Structure formats: C-alpha cells, structure tokens
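**Q** Protein chains in written order, with my numbering: chain A, 7 to 385; chain B, 7 to 385; chain C, 7 to 385; chain D, 7 to 385. Every residue, glycine too, gets a C-beta built ideally from N, C-alpha and C. Just so we're clear, the structure is a prediction, and the values are computed from it rather than from any experiment.
Protein chains: 4
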Amino acid sequence: MSNRIRMGMVGGGNDAFIGGVHRIAARLDDRFELVAGALSATPEKARASGAALGLPEDRIYDDFKQMAIREARLKNGIETVAIVTPNNVHFAAAREFLKRGIHVICDKPLTSTMADAKKMLKAVEDSDALFVLTHNYTGYPMVRQAREMVARGDLGKIRVVQVEYPQDWLTRHEDFKQAAWRTDPAQSGAGGSTGDIGTHAHNLACFVSGLTVESLAADLQAFVSGRQLDDNAHVLLRFHGGARGMLWSSQVAPGNENALRLRIYGEKGGLEWEQEHPNHLWYSPFGEPKRVITRNGAGAGEAAARMSRIPSGHPEGYLEGFANIYSEAADAIIAHRSDTAMDAEVTYPTVYDGLRGMQFVDACVRSSARNSAWVNLPE
Amino acid sequence: MSNRIRMGMVGGGNDAFIGGVHRIAARLDDRFELVAGALSATPEKARASGAALGLPEDRIYDDFKQMAIREARLKNGIETVAIVTPNNVHFAAAREFLKRGIHVICDKPLTSTMADAKKMLKAVEDSDALFVLTHNYTGYPMVRQAREMVARGDLGKIRVVQVEYPQDWLTRHEDFKQAAWRTDPAQSGAGGSTGDIGTHAHNLACFVSGLTVESLAADLQAFVSGRQLDDNAHVLLRFHGGARGMLWSSQVAPGNENALRLRIYGEKGGLEWEQEHPNHLWYSPFGEPKRVITRNGAGAGEAAARMSRIPSGHPEGYLEGFANIYSEAADAIIAHRSDTAMDAEVTYPTVYDGLRGMQFVDACVRSSARNSAWVNLPE
Amino acid sequence: MSNRIRMGMVGGGNDAFIGGVHRIAARLDDRFELVAGALSATPEKARASGAALGLPEDRIYDDFKQMAIREARLKNGIETVAIVTPNNVHFAAAREFLKRGIHVICDKPLTSTMADAKKMLKAVEDSDALFVLTHNYTGYPMVRQAREMVARGDLGKIRVVQVEYPQDWLTRHEDFKQAAWRTDPAQSGAGGSTGDIGTHAHNLACFVSGLTVESLAADLQAFVSGRQLDDNAHVLLRFHGGARGMLWSSQVAPGNENALRLRIYGEKGGLEWEQEHPNHLWYSPFGEPKRVITRNGAGAGEAAARMSRIPSGHPEGYLEGFANIYSEAADAIIAHRSDTAMDAEVTYPTVYDGLRGMQFVDACVRSSARNSAWVNLPE
Amino acid sequence: MSNRIRMGMVGGGNDAFIGGVHRIAARLDDRFELVAGALSATPEKARASGAALGLPEDRIYDDFKQMAIREARLKNGIETVAIVTPNNVHFAAAREFLKRGIHVICDKPLTSTMADAKKMLKAVEDSDALFVLTHNYTGYPMVRQAREMVARGDLGKIRVVQVEYPQDWLTRHEDFKQAAWRTDPAQSGAGGSTGDIGTHAHNLACFVSGLTVESLAADLQAFVSGRQLDDNAHVLLRFHGGARGMLWSSQVAPGNENALRLRIYGEKGGLEWEQEHPNHLWYSPFGEPKRVITRNGAGAGEAAARMSRIPSGHPEGYLEGFANIYSEAADAIIAHRSDTAMDAEVTYPTVYDGLRGMQFVDACVRSSARNSAWVNLPE
C-alpha cells in the first residue's frame, strides 16, 4: 500500500489562498495524502470545500476539535495536520492535535498574540509530536546554499545584514478578504506588515546568517488612513556577536510584489539573494569578481542539491520552495514513525523560530511605541 | 471515488530525468493518478522503478504493448498514457495505446524519423483518442500572455522573430546517459541541438507569433570532435506572410543553461521573454517606455491567469509550466469523457505541432547539407 | 576671444583622483578654461602638476591665498575656482576667493567641521560670488527626471524613501592615500562613511523627493579594527510632512562598488534609480506595469533632456553627470557676468545643501553616541 | 605653449549629431584643440557653425578643399582633420588632407561605395599621414578587456560568435534629417541597417574575436513601405578557422535603442557584452559560475585600464569610449610627430577595417540578391 503520510487540514476552504499552496506543496513530491479536513469554520463551506477536494464524506469535519478526536481514534487516522487558518486560530487548533500525538504543520506567524505563542511552545514541548512552521522561504535551494556558505566561513565573520520585504498590495484601502483579516488586529495580531512579512524577513536573515537578534529599534507606520496595523516598518537590528542590520517591511511600496531580498556582508565576502529570482545567488568574494551561483549549476553544493528537483536553467519557484518544507517535514515524520534518527541535513522551522518571530513583532511594536528605543529580544 | 484521470507511463524508470518531471507535472494539480507503468525496457528495472513509485504489482509491466493490451481490458484501466522514452520509441509505443482508444501524452520531439512522424500522424488521425505533445514551454503563463497580445494585435503585423535556445552542457565530449542517447542518431534522430532544443525554439516562436515557417536556411555544426549530430545550429527563417527570423540552438555555449529566449517585433511594438525568468514579459509599445508585465500582476490578462496558481511576485517555474500542459490535457480528456465540447481557451500542442517540428529538423538537416540553401517546409 | 569661463583650481595635483574628475567635467562642454592652479600644498608638487597640465608658469601658485590675491588683480584673472582638497581645507580656501568676488565650485562635503560649515555659510552670504557644491549625483539626467516627476505629483504624496550607498573598498585596513585621508578625522571630519558617501545619499534623497529631514536615529559602526570613523551607518529618517525613510552607507559591503540607489514610494506610485545604471529610471504607477524610462527615450521629459548630450541607448555616465553640475554653474556664472536672471531651470547644489549635509553627519554622530536616539535637524 | 594636437573638422555643423560627439571626444582628454573647420556644405551654415564654436574667422572655410590647401601652408596649420560628413563625402574630403600629409580621423562607414573605398585605401597607402576610422565601440574598456581575454586564450578556440545591433528608431517612415540621409542610397551607400550599424557589429565581432569573416549568407529586408535600403538584416557568418556566427542588425525592433550585443563562445568559456551596460563584461569559464568583470574592478586587466579614467562603480559611457579612439589617435599622432615608434598597446580602427566593413556590406547586399547564397569576402 501507499506509504504516503496521511494528512488532514484545518482551514483552507474554497476561496483561501494559502490552503491551496499547502496542498500543492504537500502533493508535489508525493509524500503526503490529504485524507481529512476541517476546511472552514462555516459548516456548509467546510462540506463544500471537502467535497470539492474529493475527501471521503466521513472525514470532512465541521470543526477541528471534532476532527482531532475522531482521527486520533481511527486506525488509519491522520498522522499530521496542516493548519492554515488566520493567525488567531493557530494555537487553539494546534493544541488539539498536539495533545493527541498528531504532528502539526502550521502556517506562520506562530500565533496572533504573545500569550498564545507561549502556550503553543508549552503544548509542543509537552507533546511527542512534531511541530513544523512553514517559513517557506527557507525552503528555497539557494537560501540553503547561502546558509551553507555562511556556515562554512566563505564570508568570514558577518558584519552587516540587510533584509527587506516590500509589497504594494495595500497601497490603498482594500476590502477584499485577504486584505481584511490581515489588517485586523483581532485576527492577525499586533503586527501588520511586521507580522505578515517582517517575520519572514527576520526569519530568513537569521536562518542564513546563523545569527540571532539581540535588540532592535523600530519605527512603524500605518500610512493608509484608518488602518489599525503597521503597513510599513523600518527596523534597526543588532545581532548577538556584533553584526548590525536593517529590516524594512512594507505593503505600500508601489512596484514591489514580493520583493523579499537578503544581503549579507562579512569580512571576506558578500551574498545577495532575491525571492523573485530565487534560482540565483550572487556571491562576491572580496577582491574578486562577483559571480552568480545557480541552482544545481556550477558552484552550488549539497545543501541546495538536496532541495532541488530539476537541472539548472529550468527555474524552480515558490511552490517548490514551499514543498521543500513539506519534504523536510516528511523526512522528520518518517524518522519519527520508525523511531530512527533524522538525517543531520534535515532542517525545518520550529516552534522556537515561531516564538522568535512573535518576539520580533512584539519588540517592533514596543520599540515603536517608545519612539524607536532599543528593545532587547529574549535570549 | 476520486475523479482523477487514471494514467500509465512508458519509460521514466529510476534514473531518467524527464519521467520524473512528467510525474510531478501530472500530480501538481491533482487531476491525474499514476496507476500503471512500463517504466523501462529492462524488466528488472521496470519492476524496481514501479515498486519505488508504489504502483500495484499487477500493473507494473515489462513492456508497453503488454500494458496497452491489458489496461484496455481492465474495468478501471488507464485512460491516458505518458510516453517518456527516447525519441525512437515514441511511435511504436503511442500506436499501441492510440489504437486501443487510450489517450497519449508524448514527450517531444514527436519521433526520431520523418517516416515515423507520418505514421504517428496517421495513427492519431485514425484514433478517437487524444494526442498531446509536451512542448512544455507553451505552458508558461507569460508565453500565453504573449500569444494573446500578438493575437489581439498589440504588436501590429509581425516583422521579425528572433528565437534562441543556447545551452552549454555538451561543450565537451560527455559519456553520461542523458548525453549519450541525445547524441546518438539511432535514438535521437537526425537532429542534435536542432531536435532536442531547436524544436522547442521553433515551436515557441510559432505558438506565440501565430505564424508558420515557409522556408529556412540552416548552417549546422558538430563542434565537438567525433559528435555525429549537430551541437550548434544557425537558421534563417522566412514565415508565411512576410515576417523574417533567426533561430539559434546550441549545446556548446558556455554560460548558458537553458537560455531559451524569444523576441518578436511588429509594426506597433515588441515583446521579449526568457525562459530562465519566466514570470516576466517585456512589452515595448513603439514610442512608449518598455514595461514589464508580471504573471498575475497589472497588465496580465486572462490567458495567463488561466495557467497560474499563485499571486504575482511569487515565482512559478518550469514544473508549473509543464503541469499546465497536463492541466490542458486534463480538460480535454474530461471533455472527451463526457462527450462535451472543450472550452475554447484550452490549447495544447498536437501531433500537427509535432509533425511541424520534425519537418523543421528535416529541413535544417537538408538545408545544411545543401550549403544553407533555402528549403521549403510543407504547407 | 574665447568666451570660456576662466577657472583656477586648488588641490588636484598629480596623484589626486577627484581633481582630474573636476577638470574633465569642466572641459566636457567647453565652457571653462583652466588657467591657474595651486594644485598642492607641497610647492614642488604644485609646480610639477601645473606644468603637466600646461598652465602658464606665472599662474602656478604655491598656495591658494597667493593665488586668490594675484588672480583677483589680474585683468583676465580667474572668474571661478574649483576647490578639490581634503575636506578640512575647503573653508580656508573658499574664504579667500569668496571675499575677492571669485566664484567657488567646491567638492563635498562642505567642510570637515560644523564650525567651519557655519563660517562657510557666512562667507558665502557675505560675498557677491556664487558658491556651487559638487553633489554630482544630482547632475544625472534621470535624477532630474525623477525630481520632475515627484514635483509634478506623479507619485502623489511621498510616504517612504529608501536610500543607500554601499561600497566595499574599505573592507580591510588600507594604507593608500585615498583611504588614509578619508579615514582620518582631522582631514575628513566626524563622519566616515556618513561624510564621504552618506552625505551623497542624503542629498540625493532630498533633491529628488523635495523633502527635508526632520529627525534621524543612527547606529554607526567602525567594523575594521583601529578605524576611527564609521565605515557603516544605519539611519532611520523622518521627513517633514510625514514621510519616513532609511539610509544605509557602508564601505565594508563586498561586491558593492558605488551602489548608490534611491527608491521613493508615494500614494500613487514608485520610482527606483541606481547610480551604476544611471540611464534608466524605473517607474511604477500603482496598479500598472512597471516601466523603464530611458535617458532621452520615450517618457523622458525636459528636465532630463537639458542635462543630456546624446540619443537614448548610448549611455552617459559619471563624468557627464559631473559635467552637468559644471554646466549649471556655467549658466549661473554667465548670468552673473551679464547681470541677467538665471533661467528658472538652472539648479545646482548650494552652500545650504552643504550645510544640511554637515548637519546630517553631525546628527548621525550625535544620535549614535546617544544609542540611536532621535535627533532633530535644524530647520 | 600648449602641446595639444591642432585639429580641423569637415562637416558637423549646427544641427549634426555625430560632429558634436567627435568634438566632445576630442576634448575629453585635452589632447586636441579644434582650430579650423569646413563645417557645412552650405557657406552660411559653415560660417554660423564656426562662429558658434569660437573658431577664428579666418579659419572657418566654405569647403574642405580650400581648408586643406590653406591649412597645409600655415605654420601652425591643422595636423589632423575629423571628417564627419555623410558617407558619400568621406573619400573626397579625406583625399585632400591625406595628400597634403594631414592625418585623417574619419567617421564610419569608410565610404558610400566600394569604388570609393578602394580609392580611399590607395590614398591612405600613398600618404605618410595616419588614417583613423571611428569604429567607436572598440574604444569601450570592457571591449578591450574581452579582446585581451580572447587573445590570451581564456576562451580556448572560438566556436560561435553571436552579434546583434537592433534599434527601433526607423520602425515607421521618418522624415527628419538623421533618418533622411541614412535611408538615401545616394548618401549612405548600398547598405541601410547593414551600413549604419551592421558594420559596427561586424567590426566589433572581429575586433574582439581576432577572427575575420570568410563568407556570409544574408537575408535583407526593407520592412517600411517605400524604404530603399534594408532596415533589417539577418546574416549567417563563417569565419576563417572554422568558427560560425550570426549577425542581426535592425532599425525596426521596438524597444531597442542601441542594443549592440556581442557573445563569444569557445572551447573553454564564454563572454557576453552589451553596449547599453558597457562597464560590465560577463565571463563564463566552462564548469564554473558566471562572473561579472567590471571596468577597473577585480579581474579587469591592463587593456581595459589603459582606456579608463575613473574607479569601478562609476560608469563611463559612450562619449568616453569614443574619446578613447581619439586618445589612441593622439598617441599615434604624437609618435608620428616625433618620429618614434608607437607603443605596442595602441590600437585603433584603420582603413583596412573600413575596407572590410565595406566588403561586409557589399557581400550582404550581393548574398541577399542571390537568395542568401554564401558569398566569400576578399582575403
């Protein structure tokens, strides 16, 4: 029989964006099979969405708790659940599965509040199940390549980290669904651009540099009249060990779609990477010409090759990067199944990354409220 | 039960490249289910590959004919087959399925010889089944966008078409499998770079421009000593209706991975597209600034949106483009199932496109043999 | 006979970099003629350098004061002087010429100390002569284009200004002359990267946006051991009127040569410009495709055309941009000569821009010393 | 006294484009002084233009022959003349100066007819004076860099040369002066795009590769109704020694300004260069990552440094490249003055390059008339 990992989904009904992405990501490498779902808080929508996905009728649930209870009892119940609801539901949903030993793959940010984040941490630590946070940009092969190069010292000691994630889709007041919940503090949490995309930028910078933020000073704005959450954030960063950085997140920068960009400079060289051209990594060893390392091309190493499916010159994109998080999760789940050690190369964003993301947003909000005073992040 | 299309595969055993691509492409949008395979001409390898893919044992076949016969009789036998063998096997395999009413999704080029190509045409015309050729680059959303813009007259009458597909992987003599069969006339056919990638360039140019080649003049070379097939081709093109063009294919151009690039110029404007940056289409209305149309971004239309899954700024790549061919095939197969008319927007490369590709290679070889004399292509 | 403006030079002896640039810039449009010089503080070097430039022997001076005195008395003495010494000499030299009615074209930053800057302001205000500061990047045609577009409202109200000027030439400790004086506070002043290139970034951001900085919060570092001045600066900006921004200057970012880059976002659109590709300006009207306006190409207007010599597609560069400052100075000097009003389009950086640059550096240093507290700039 | 080379000019009156370029190029490095001119065939215009340039009244001439005769007799008469007329006047003008021992700097193409070209060759060979043809693109530093790299074997044996020069300014019928003479066979000669820009592409390809064209096959078109000369040319190239290539010139490709681009591929690596981004040279050693060599940056050598004025990252452009031809001419003239040998590094386009350009155009026209048959170029 199929050895695929049996998966359920919470959220991700018909008109959701990120739910569809998770499903494709789970399917791409054929290691998961979606077999159950509580796809919407509205029962009719949950039913319709489940039917549209071809789920068996008896495994379409009206709410996630009911799903967790029943699936945990089924002989071939789900082994993992993907949680793709608005942020404020993440914890309540995850808890039900974690306490029943069902692995959780959760969209970011971790939760909508710091209080929930701490509860989530405890729930994960109390559970034998795995928790994977989909900071998907860490799944891009050339991000892995960059991380490998930094780790082995190609750049020397890191001095400067510049990271930014500008978008333009909230340049004006918008009423549609994606905009509505992301600009509502009750559903999103205290961070606007900081929570939605700043957390990605923060996570990416730390993932690649191997550094953690010691303190930050932030200036947040809500440029669009009536908006309750920041739509632009300027943040100074001080990393443990002495590196300095800047982070810019914006949803009001016309001409930027998802222009996440990371630049890291050390004593011996620099690296530059852009999410919109993810198959290329620019490497500048000091005193030598800048060169472009391509996914699976000359100069790319093992860390990138693990995360890549096709030869260089044929671009992989966002969905493949997202699928890589699922692929790492699959490796971890399979190892867990068989009670064997996971390969050392396997890496995925954890609850601790999620907590650090929440602390980042919290620190941004507090610093900005204190006129950009430096705020320490917890160790 | 699942409504997925039941699919088999011929070729694509363990160490093949393109078989894996077809499988991902078929899976991406969850409309196909691989249920049978004759994955290798070597029985042991066929078995091992089938098992690795989790196929039921009784649907792993030692040869494609056996598979065609048995699957045609099964109640829930395959409805379509993907043929991903070396070129010289395409026809023999396709024939077995076509004559039993099983749809064929076939890798390009159509066949290895003109004789086979004509037989393939007849086999398709004699069958009620569908035949889809995976000229996958036509599945890129911005290629669809370009085609739509040309068709509605944004460029005016087309004058000049520049298309090129340079690679560098055969710069030196290579012994590995992918190189071996592609440089062997018995398996590949008369064209080297012309057959492997020149056909893609030719197909793309015609697909977007809506034009067909009237005649061509070619200068083919095999630069690497001992190579039997062209590894570089320079081709002048004359299109029906008066447009002129150039086509360059090369496997010996260091620094080029899969640098397929199309530029089309008309009386009113120009378009430029590169496969390695497929989410961008450059549009230059004459007398106005050049602009970049992004997949799902401002300025992109329906033809691209149909072929796209995620918002602009999150790149889609090669696999998604390839999956779009499968998605179109699925639409066609579903319409065929229910005997209803296919949506007018559905388009995929057909046996006629394949035949034109073969004629293109044949004309290149003949022209080059006649010192680059102009050779007419059949109407 | 010739109507060229008679020019002298202070500094710019044989092995200087910026002196040669000023001479080419002055010569490019044939409106100046170099006729006198005090090219070095070392008399032998001053003589040798003057001779190498073909200056008449009696107009090669050992020091600038002697030059100012004698040239002011000559019938055809110099009308203007270019001052291209290290920063700490700017004021002493300029004063001598200003008080004798000789126009001054002075390299930036204005001076090495705030005290000198204020004296310079007074000296200029007390003189009838003109004072031009060579913030040369404002001479690029597409910078003029950007300024024109902002001024006429193409972007709507400005919200966000991102400006950066990274270099890598001081990544390690360097002993050569250009590095030595630029990292010596006695010659350069209180700012390292902030003074040398941060002032350019600040000036450019204000020039294009039409905004002025209200306050800033800075985090300066000297990453190279033993360096006395900042070699990296991260600065948050608040502009009068509500716009926010970030400024990054660095001399330790490997892979960056002179990567000055400005991005401005308003309610209606965005603009992006890079000094290393100065003939292109990227314009993103919100909700429309991004487009590239080229120097003298479609979409470029009068402000750029005034500053441009050759058709679009033939690149102009740094020297032409620098020459444009001289060209504006020439217009101003000619108008002054004939006591007529200057054309309204003529614009060049003034002593007030220089003062604001000094205030910018001063505020950066003070803010950084106060742990990045916000520091107001003088109105 | 000044040691500048005394220069005259034929053509280049008030509304000419290329005359102004020559004057800036001559002035940039301060090695020439324009002292005489026959700036127009129309006496009034010649007078007005001379006055506008500040020429002494007695050295403004009504025609070039008169200028040649008188200047040759003057004690400080011109040493060199720049000829910047339409093509059909080049020979008649050059002859008058060459036979009087005055060096000639002549715009390209060499002449308007093959007959004139041969006479020009004889006139040069019969004269002691120098003849410099301003194939200005060979003056770009990174073109020199590329040539040096090919010459020292960085690419190995050259296999493929792709060169193109597309423009769009003649997409429609145009009446203005620049368009009028360039599309008039009587003034321009037999080549339209081939003569005006194809010769540049041909010259550049040969200059960098060190190869010469053995034969070519061309397909020329005049797409704009009523146009007498080609506005688009597709040309196959065979070089002596076995390399193959393609050349495309077009004046009807919307979105292209002066998109001259050269790509050269050899057994060991590839090089790519674009005129619109002239400070960058892309180098791909086979099997290693592609890198960008910048003017005066890491990896750039002596041949580029000789032709460059300012540090890397500050762009030089078209005028600087053009000035480099004048700079080389100055070196040659100074050596000639003093009867010493010219430095071995000095190189400039000669009458032989000009003749090869004419032969290239002639071969294109003849090949196209013979339905793209291969035509040999003279050895």
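Determine which residues of the region 286–300 of chain B have a Cβ less than 8 Å from any Cβ of chain C, and write them out in chain order.
**A** Result list: Tyr289, Gly293, Glu294, Pro295, Lys296, Arg297, Val298, Ile299, Thr300.
**Q** Please check if any C-beta of chain B sits within less than 8 Å of the C-beta of Gly305(C).
**A** Taking the first residue of the third sequence as 1, we reach residue 305(C) at position 299. True, the Cβ-Cβ gap to chain B drops below 8 Å.
**Q** Where does Asn238(D) fall in DSSP's three states?
**A** As a working note, residue 238(D) is residue 232 in the fourth sequence. Here Asn238(D) sits in strand by DSSP.
**Q** Would a C-beta distance cut-off of 8 Å place Met148(B) and Arg250(B) closer than the cut-off?
**A** As a working note, residue 148(B) is residue 142 in the second sequence. As a working note, residue 250(B) is residue 244 in the second sequence. Cβ distance not < 8 Å, so Met148(B) and Arg250(B) don't count as in contact.
**Q** Is it buried or exposed for Lys81(C), if we count other Cβ within 10 angstroms and need 16 for buried?
**A** Counting from 1 along the third sequence, the entry for residue 81(C) is found at position 75. Label assigned to Lys81(C): exposed.
**Q** Where His342(D) and Leu217(D) are concerned, what is the direct C-alpha to C-alpha distance, given to the nearest angstrom?
**A** Position 336 of the fourth sequence, counted from the start, is the residue given in the question as residue 342(D). Position 211 of the fourth sequence, counted from the start, is the residue given in the question as residue 217(D). Cα to Cα, the separation comes out at about 29 Å.
**Q** What first and last residue would you give for the alpha helix (DSSP H) that runs through Ala208(B)?
**A** As a position in the second sequence, residue 208(B) is number 202, starting the count at 1. The displayed chain sequence assigns His, not Ala, to residue 208(B). That run of the alpha helix (DSSP H) goes 205–215.
**Q** Quick one: measure Cβ to Cβ for His141(B) and Lys114(B), integer angstroms, because I've assumed they're closer than 8 Å.
**A** Translated into positions along the second sequence, residue 141(B) becomes position 135. Translated into positions along the second sequence, residue 114(B) becomes position 108. At roughly 5 Å, the Cβ-Cβ gap stays under 8 Å, so His141(B) and Lys114(B) are in contact.
**Q** Go ahead and pull the three-state DSSP assignment for Met120(A).
**A** The count along the first sequence starts at 1 and reaches residue 120(A) at position 114. In this structure, Met120(A) counts as helix in the three-state DSSP scheme.
**Q** Please name the residue, chosen from Ser290(A), His286(A), Ala338(A), that lies closest to Ala310(A) on a Cα-to-Cα basis.
**A** In the first sequence, residue 310(A) corresponds to position 304, counting from 1. When each option's Cα is compared against that of Ala310(A), the closest is His286(A).
**Q** For Leu176(B), decide whether its Cβ has a neighbour in chain D, counting only Cβ atoms nearer than 8 Å.
**A** In the second sequence, the residue the question calls residue 176(B) occupies position 170. Not closer than 8 Å to any Cβ of chain D, the Cβ of Leu176(B) fails to qualify, so no.
**Q** Who are the Cβ neighbours of Asn20(D) in its own chain at under 6 Å, not counting the five residues just before and after it?
**A** Translated into the one-based positions of the fourth sequence, residue 20(D) becomes position 14. Contacts found: Ser55.
**Q** Does the region 12–19 of chain C come close enough to the region 367–384 of chain B that 3 or more CB-CB pairs lie under 8 Å?
**A** No contact exists between the region 367–384 of chain B and the region 12–19 of chain C.
**Q** Just the C-alpha distance for Glu364(D) and Gly201(D), rounded to the nearest angstrom, thanks.
**A** Along the fourth sequence, one-based indexing puts residue 364(D) at 358. Along the fourth sequence, one-based indexing puts residue 201(D) at 195. According to the sequence provided, residue 364(D) is Met. The question's Glu does not apply to it. Taking the straight line joining both Cα atoms gives about 8 Å.
**Q** With 16 as the cutoff for other CB atoms within 10 Å, does Arg376(B) come out buried or exposed?
**A** Translated into the one-based positions of the second sequence, residue 376(B) becomes position 370. So Arg376(B) ends up on the exposed side.
**Q** When burial is assigned at 16 or more other CB atoms within 10 Å of the CB, is Arg79(A) buried or exposed?
**A** To locate residue 79(A), count along the first sequence from 1; it is residue 73. Exposed.
**Q** Using a Cβ-Cβ cut-off of 8 Å, state whether Gly276(B) counts as contacting chain D.
**A** Here residue 276(B) corresponds to residue number 270 of the second sequence, with the count starting at 1. True, the Cβ-Cβ gap to chain D drops below 8 Å.
**Q** Alpha carbons only, please: which of Val90(C), Val87(C), Ala42(C), Ala88(C) is nearest the one belonging to Asp68(C)?
**A** Within the third sequence, the letter at position 62 stands for residue 68(C). With distances taken between Cα atoms, Asp68(C) lies closest to Ala42(C).
**Q** Give the straight-line distance between the Cα atoms of Asp345(C) and Glu131(C), rounded to the nearest whole angstrom.
**A** In the third sequence, counting from the first residue as 1, residue 345(C) sits at position 339. In the third sequence, counting from the first residue as 1, residue 131(C) sits at position 125. Each residue's Cα considered, the two are about 18 Å apart.
**Q** Can you list the residues of chain D that Phe229(B) reaches, using a CB-CB cut of under 7 Å?
**A** On the second sequence, position 223 is the one that residue 229(B) refers to. Near Phe229(B) (Cβ distances below 7 Å), the residues of chain D are Arg165.
**Q** Hey, quick one: how far does the beta strand (DSSP E) through Pro386(D) stretch, first residue to last?
**A** Here chain D comprises residues numbered 7 to 385, so residue 386(D) is not present and cannot be evaluated.
**Q** Rounded to a whole number of angstroms, what is the C-alpha to C-alpha distance between Leu361(C) and Ser255(C)?
**A** As a position in the third sequence, residue 361(C) is number 355, starting the count at 1. As a position in the third sequence, residue 255(C) is number 249, starting the count at 1. The alpha-carbon atoms of Leu361(C) and Ser255(C) are separated by roughly 19 Å.
**Q** Which residue marks the beginning of the beta strand (DSSP E) containing Glu326(A), and which one marks its end?
**A** Mapped onto the first sequence, residue 326(A) falls at position 320. Unbroken run through Glu326(A) is the alpha helix (DSSP H), 324–343; no beta strand (DSSP E).
**Q** Which partner residues does Gln227(A) have in the DSSP bridge list?
**A** Numbered from its first residue, the first sequence carries residue 227(A) at position 221. According to DSSP, Gln227(A) bridges with Asn238(A).
**Q** Assuming Ile30(C) and Arg312(D) form a contact by the criterion Cβ under 8 Å, report the distance between their Cβ atoms to the nearest whole angstrom.
**A** Here residue 30(C) refers to the residue found at position 24 of the third sequence. Here residue 312(D) refers to the residue found at position 306 of the fourth sequence. In fact, because the Cβ distance is near 17 Å, the residues do not count as touching under 8 Å.
**Q** Please go through the same chain and pick out, in chain order, the residues whose beta-carbon is closer than 8 Å to the beta-carbon of Gly107(C), but skip the five residues on each side of it.
**A** Working through the third sequence from its first residue, we reach residue 107(C) at position 101. Hits under 8 Å: Ala78, Ser133, Asp134, Ala135.
**Q** Is there at least one Cβ from chain C nearer than 8 Å to Met7(A)'s Cβ?
**A** In the first sequence, counting from the first residue as 1, residue 7(A) sits at position 1. Because Met7(A) sits at a pLDDT of 42, beneath the cut-off of 50, its placement in the model cannot be relied upon, and the following sentence gives the value as read from the coordinates. Answer no: the Cβ-Cβ gap between Met7(A) and chain C never drops below 8 Å.
**Q** In three-state DSSP terms, what is Met73(D)?
**A** Residue mapping note: residue 73(D) aligns to position 67 of the fourth sequence, counting from 1. Reduced to three states, the DSSP call for Met73(D) is helix.
**Q** Looking at the C-beta of Met73(A), does it have a partner C-beta in chain C at a distance below 8 Å?
**A** The residue you call residue 73(A) lines up with position 67 of the first sequence. With 8 Å as the cut-off, Met73(A) does not count as an interface residue toward chain C.
**Q** Name the residues in the region 317–344 of chain A whose C-beta lies less than 8 Å from a C-beta of chain B; which are they?
**A** From the region 317–344 of chain A, only Pro317, Ser318, Gly319, His320, Pro321, Glu322, Gly323, Tyr324, Leu325, Glu326 have a Cβ closer than 8 Å to chain B.
**Q** Assuming the contact rule is C-beta atoms closer than 8 Å, Gly3(A) and Leu253(A) should be a hit. Round their C-beta distance to whole Å, please.
**A** Residue 3(A) lies beyond the stretch modelled for chain A, which goes from 7 to 385, so this question has no answer here.
**Q** Determine, using beta carbons only, whether Gly248(C) comes closer than 8 Å to chain F.
**A** No chain F appears in this structure, whose protein chains are A, B, C and D.
**Q** Quick check: the Cα distance between Gly247(C) and Leu383(C), rounded to an integer number of angstroms?
**A** For this step, residue 247(C) is matched to residue 241 along the third sequence. For this step, residue 383(C) is matched to residue 377 along the third sequence. Going from the Cα of Gly247(C) to the Cα of Leu383(C) covers about 14 Å.
**Q** Please tell me whether Val381(A) has its Cβ less than 8 Å away from any Cβ of chain C.
**A** Here residue 381(A) refers to the residue found at position 375 of the first sequence. It does not; no Cβ of chain C falls within 8 Å.
**Q** Name the residue from Ala211(C), Glu280(C), Tyr354(C), Ser290(C) whose alpha carbon lies nearest to the alpha carbon of Gly303(B).
**A** As a first step, residue 303(B) is located in the second sequence; it is residue number 297 there, counting from the start. Among Ala211(C), Glu280(C), Tyr354(C), Ser290(C), the Cα nearest to that of Gly303(B) is on Ser290(C).
**Q** Can you find the residues in the same chain that come closer than 7 Å, C-beta to C-beta, to Val381(D), ignoring five residues on each side of it along the sequence?
**A** In the fourth sequence, counting from the first residue as 1, residue 381(D) sits at position 375. Answer for Val381(D): Ser221, Leu222, Ala369, Arg372, Ser373, listed in chain order.
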